[in-house]
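Engineer: Going by the numbering used here, the final residue of the sequence shown carries number 784, and the count climbs one at a time with no gaps. Cβ atoms here follow ideal geometry from the backbone N, Cα and C, with glycine treated the same way. Okay, here's the structure, questions in a sec.
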Amino acid sequence: MPSGNLNLLSIDIEEWYLSYDSSQITPAKWPLLESRVEQSTRIFLSLLKKHRQKASFFVLGWVAEHHPGLIREIAEAGHEIGYHSNKHELPANQGPEAFEADLLYGLNLLESITGKRPVQYRAPMFSLCHKSAWAIPLLMKHGIEISSSYKAYQHIIGHNIPNTPFWFEHHGKRLLELPLNRLNLPLLNWVYTGSGYFRLLPKSIIRQLFRSSKYNMAYFHPRDFDTQVPSTPLLPAYRNKMNRIGNSTTAGKLEMLLNDMKFHSLGDGAALLNGDQLKVIGI
Ligand SMILES: [Zn+2]
């Protein structure tokens with residue numbers, strides 16, 4: 502870890518109606534719903550531009566297909582582009598063959614749009630787990646150098662996922678995992694760095710939590726910045742409600758943090774780490 506805090510900034514580029522693993526609204530129905538990803542992503546982009554900070558954007562293949570101009574705009578602004586699956590299917594449900602085909606499809610697609618092959622990957626819902634440990638060697642095989650696909654304190658093949666960066670090792674090759682960190686208090690392991698708790702907790706608590714952790718993986722979705730998220734009968738009532746709670750506070754809270762501390766995209770942040778000091782988990 503660097504001597505100060507390591508604050509990483511990321512966003513998963515997907516539409517407002519995407520929920521869990523896409524089982525609630527199947528991809529066949531996506532074109533029927535209003536697209537808001539461009540305008541919501543631009544709110545985040547303009548905050549980064551104003552504060553001269555960089556982030557990693559984990560892009561859904563489906564969004565890249567439908568909005569290639571947005572992806573080019575993100576890359577041209579100097580941010581890092583990672584892959585976030587084609588249609589938000591969970592790797593554990595896909596199995597190794599479909600996962601590998603999905604990965605190759607997305608990496609080729611993003612390379613064709615930006616001219617640069619992504620080396621960062623985030624599983625939908627930070628969902629890599631013991632059932633999908635086979636994904637790690639496949640990510641390495643296809644040139645992924647940084648993954649951000651686990652939540653801290655999950656168990657995987659006899660290990661507890663650390664609350665800080667660590668290496669996966671497989672046949673002498675390494676993959677850096679930058680996990681989603683959590684609050685480390687008995688019975689309180691909130692993910693405060695993005696999404697629900699970030700939108701619900703007061704500014705002062707968010708600032709305190711970020712300041713007191715040596716490692717923060719801030720993560721957002723475009724809808725977190727959208728104060729006009731529509732509702733749809735295709736989603737359960739609680740999900741429609743969750744999609745809107747606290748959204749009007751997100752931009753202000755992020756701006757407070759951008760004023761207060763330095764954030765890095767995942768690649769820039771990784772370059773600051775002392776790799777020899779990180780834990781190694783063999784796969
Ligand atoms: Zn996602």
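1) Short of 8 Å in beta carbon distance, which residues of its chain neighbour Lys652, apart from the five on each side in sequence? Order them along the chain.
2) For ligand 1, is there a heavy atom less than 7 Å away from the beta-carbon of Met718?
3) Can Asp513 be considered in contact with ligand 1, in the sense that its beta carbon sits closer than 7 Å to one or more heavy atoms?
4) According to DSSP, simplified to helix, strand and coil, what is Arg675?
5) Considering Cα atoms alone, identify which of Tyr606, Phe600 and Ser613 is closest to Leu629.
6) Classify Tyr651 as helix, strand or coil using the three-state DSSP reduction.
7) Which residue wins for smallest C-alpha separation from Glu535, given the options His567, Lys555 and Asn506?
8) Using C-beta distances below 8 Å, list every residue in its chain close to Ala578, excluding the 5 sequence neighbours before and after it, in chain order.
9) Compute the Euclidean distance between the alpha carbons of Pro731 and Leu779, then round it to the nearest angstrom.
10) Would Ala771 and Leu640 qualify as a contact pair, given that the criterion is a beta-carbon distance under 8 Å?
11) Following a CB-centred definition, is Met626 positioned closer than 7 Å to any heavy atom of ligand 1?
12) Give a single yes or no on whether His585 has its beta carbon closer than 7 Å to a heavy atom of ligand 1.
13) Got a sec, what are the start and stop residues for the alpha helix (DSSP H) Ser557 sits in?
14) Provide the residue span of the beta strand (DSSP E) that contains Lys780, from first to last.
15) Any chance the CB of His589 is under 7 Å from a heavy atom of ligand 1?
16) Using three-state DSSP, classify Leu510 as helix, strand or coil.
17) Pairing CB atoms from the segment 608-618 with CB atoms from the segment 663-674, are three or more of them under 8 Å?
18) Taking the alpha-carbon positions, what's the Thr751 to Val538 distance?
19) Which residues in the same chain as Arg573 place their Cβ atom closer than 7 Å to its Cβ, once the five residues preceding and following it in sequence are excluded?
20) Less than 8 Å between the C-beta atoms of Leu509 and Thr542, yes or no?
21) Would you kindly report the start and end of the unbroken alpha helix (DSSP H) that includes Met641?
22) Checking 8 Å against the spacing of the C-beta atoms, do Leu511 and Tyr720 come in under that value?
23) With DSSP collapsed to three states, give me the class of Leu787.
24) Assuming Ala719 is part of the beta strand (DSSP E), what are its boundary residues?
25) For Thr665 and Gly673, what's the separation of their Cα atoms in angstroms?
Structural biologist: Result, derived from the coordinates:
1) Phe627, Ile662, Pro680, Leu681, Arg683 and Val692
2) no
3) yes
4) strand
5) Phe600
6) coil
7) His567
8) Leu546, Leu549 and Lys550
9) 43 Å
10) no
11) yes
12) yes
13) That residue, Ser557, is in no alpha helix (DSSP H); its beta strand (DSSP E) goes Ser557 to Val560.
14) Lys780 to Gly783
15) yes
16) strand
17) no
18) 16 Å
19) Ile614 and Thr615
20) no
21) Ala636 to Lys642
22) Checking the displayed sequence, the identity of residue 511 turns out to be Ser instead of Leu. Cβ distance < 8 Å, so Ser511 and Tyr720 count as in contact.
23) This structure does not reach residue 787, given that the chain is present from 502 up to 784, and the question cannot be answered.
24) Tyr716 to Phe721
25) 22 Å
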